[in-house]
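One structure below.
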Amino acid sequence: MKAPYFTFLFFALFSFSCKKGVPSNLMLLDGNIPTDTPLVFAKGIISTDSYEFAITFSPKMDELYFTRRKPGEDNKIYAMQLVDGKWSAPEPAFFTASEGWDFEPHISPAGDKLYFGSTRPLNDTIKSSGLHQWYSKKEAKGWSKPIPLEKPFVDRSITMYLTSSENGNLYFTTGEKGNKPEDWVIYKSVKEDGQYKSINRMGKEINGIGKWIAHSYIAPDESYLIYDFKSDLGFGESDLYISFNKNGTWTKPYNLGPKVNTDQTEMAASVSPDGKYLFFHRGGKDKGDIYWAALKPIKENILKNINNSYE
Numbered sequence: 488m489k490a491p492y493f494t495f496l497f498f499a500l501f502s503f504s505c506k507k508g509v510p511s512n513l514m515l516l517d518g519n520i521p522t523d524t525p526l527v528f529a530k531g532i533i534s535t536d537s538y539e540f541a542i543t544f545s546p547k548m549d550e551l552y553f554t555r556r557k558p559g560e561d562n563k564i565y566a567m568q569l570v571d572g573k574w575s576a577p578e579p580a581f582f583t584a585s586e587g588w589d590f591e592p593h594i595s596p597a598g599d600k601l602y603f604g605s606t607r608p609l610n611d612t613i614k615s616s617g618l619h620q621w622y623s624k625k626e627a628k629g630w631s632k633p634i635p636l637e638k639p640f641v642d643r644s645i646t647m648y649l650t651s652s653e654n655g656n657l658y659f660t661t662g663e664k665g666n667k668p669e670d671w672v673i674y675k676s677v678k679e680d681g682q683y684k685s686i687n688r689m690g691k692e693i694n695g696i697g698k699w700i701a702h703s704y705i706a707p708d709e710s711y712l713i714y715d716f717k718s719d720l721g722f723g724e725s726d727l728y729i730s731f732n733k734n735g736t737w738t739k740p741y742n743l744g745p746k747v748n749t750d751q752t753e754m755a756a757s758v759s760p761d762g763k764y765l766f767f768h769r770g771g772k773d774k775g776d777i778y779w780a781a782l783k784p785i786k787e788n789i790l791k792n793i794n795n796s797y798e
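Residue numbering for the sequence shown follows my numbering, starting at 488 and increasing by one per position.
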C-alpha cells in the first residue's frame, strides 16, 4: 500500500502547488524559484558568458524575448517559445535587423504588440537616423512585419526602453536634442482617442533625483513604476527604484534594497505577466546576467517602511 499512497501524495502536493500559482512555464527554464533574494535566471540558457538584459514575456509566459550582446558584437534580440512542453533554444528574433542593431523588447500586457528599439534605417533608402522604437502586431499567423512607431516618437533621435500599460499609455527614456546622454530621463505618452498626440516629461518625483535615469517599467495598471539611476545614496552604480502611483500622484523613488542592489549596475527591470517576479540586469561593463526575484515581499517591505515612517 505504500507505493500507491506515495503516488497519491505526490500528485496531491503537485496539484496543490499548481493551484498556489507556481509558474510552471518558468520552472521549465529554471527550477530554482527565488525569494526576495535574486538568483541568476536560466543560467547557461539565457544568462551566459555574454551580456544579457531586458527580458519580456507573452501574457501566457509561453514566449519570451531578451537582449544579448556577445563579446565584440552589437546588441541582438533573441527569442524562445514553449512548444510541446519544452522551451526552444534561444535564436535571433524573426525581425533581426540586417543593418543596425536591436535591443530592449517589450510585449504589451494584452500581448497584441511587441515593441523594441532599433538603429535600423527608417526606410530602405536612407541610413539610420537614430535609435527609434519599432513594433509588430500580433496576428492570426503570428507577429507582423515591424514598423516604426509613428509621430511624435519618430521625430526623436533617441527613444529607448519603452513599456506600456493596459490602457496603452507608453513610458520610455528620451531627451531633448543637444542633451548629454546622462540628461536623458523618463517620459510618458498618453493614448487619447486611439492616438499618441504628445510626449511629456514626467515630473520631478520621478526625474528629480540622481543621474542616468532610465529603463522605466510601468505596471499594467500603472500602480507603480520601477526604473534605475545612480545616486550618491545608492549601493554603487545604477540601482533599481520603485515609485508608487497614489491617486494620480507619483511618490518619490524608493530603493529596492541591498538584496536587489549591489555595487554593480542593476538596470532594465521588468515583471512577469502574473506580477510575481521581478527581472533585471546585474553586471559590470562587459559582463552581466538577467536575475529574478519574488516581487511581492520586496514591495511589502518597502511599503511597510513607508508606513512606519509616518507613525
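Every residue gets a Cβ at the ideal spot worked out from N, C-alpha and C, and that includes glycine.
Collapsed DSSP secondary structure at residue i in the structure displayed
i      : result
Ser605 : strand
Glu578 : strand
Lys614 : coil
Ile696 : coil
Met514 : helix
Pro521 : coil
Ile686 : coil
Asn794 : helix
Phe553 : strand
Tyr492 : Per-residue confidence for Tyr492 stands at a pLDDT of 39, beneath the threshold of 50, marking its modelled position as unreliable; the derived number appears in the next sentence. Three-state DSSP puts Tyr492 in a helix.
Ile533 : coil
Ala780 : strand
Lys691 : helix
Glu787 : helix
Contact check, residue i vs residue j, beta carbons under 8 Å
i      : j      : result
His702 : Ala780 : no
Ala541 : Pro596 : no
Pro546 : Gly598 : yes
Phe722 : Asn748 : yes
Thr650 : Ile705 : yes
Met548 : Leu513 : yes
Identity of the residues DSSP links to residue i by a beta bridge
i      : result
Trp621 : Phe603, Pro635
Trp630 : Lys625
Phe528 : Looking at the DSSP assignment, Phe528 forms no beta bridge with any residue, so it has no partner.
Tyr714 : Tyr728
Gly775 : Tyr538, Gly770
Thr660 : Met647, Ile673
Ala755 : Looking at the DSSP assignment, Ala755 forms no beta bridge with any residue, so it has no partner.
Phe590 : Gly604
Ala597 : In DSSP, Ala597 forms no bridge with anything.
Ala701 : Asp715
Chain D within 8 Å of residue i, Cβ atoms only
i      : result
Ala756 : No chain D appears in this structure, which consists of one protein chain only.
Item to complete: Mind listing, in chain order, the continuous beta strand (DSSP E) runs of no fewer than 3 residues lying wholly within the stretch 717 to 752?
Response: 726 to 733
Discussion item. Would the stretch 564 to 580 count as touching the stretch 732 to 745 if we require 3 or more Cβ pairs under 8 Å?
Written reply: no
Practice prompt. Could you tell me whether the stretch 763 to 772 touches the stretch 513 to 529, using the rule of 3 or more Cβ pairs below 8 Å?
Written response: yes
Discussion item. Does the stretch 615 to 628 come into contact with the stretch 671 to 690, if we say contact requires no fewer than three beta-carbon pairs (one atom in each stretch) closer than 8 Å?
Written reply: no
Discussion item. Contact between the stretch 662 to 674 and the stretch 719 to 726 is defined here as three or more beta-carbon pairs at a separation below 8 Å; is this criterion met?
Written reply: no
Discussion item. If contact is defined by three or more beta carbon pairs under 8 Å, each pair taking one atom from either stretch, is the stretch 693 to 701 in contact with the stretch 631 to 646?
Written reply: no
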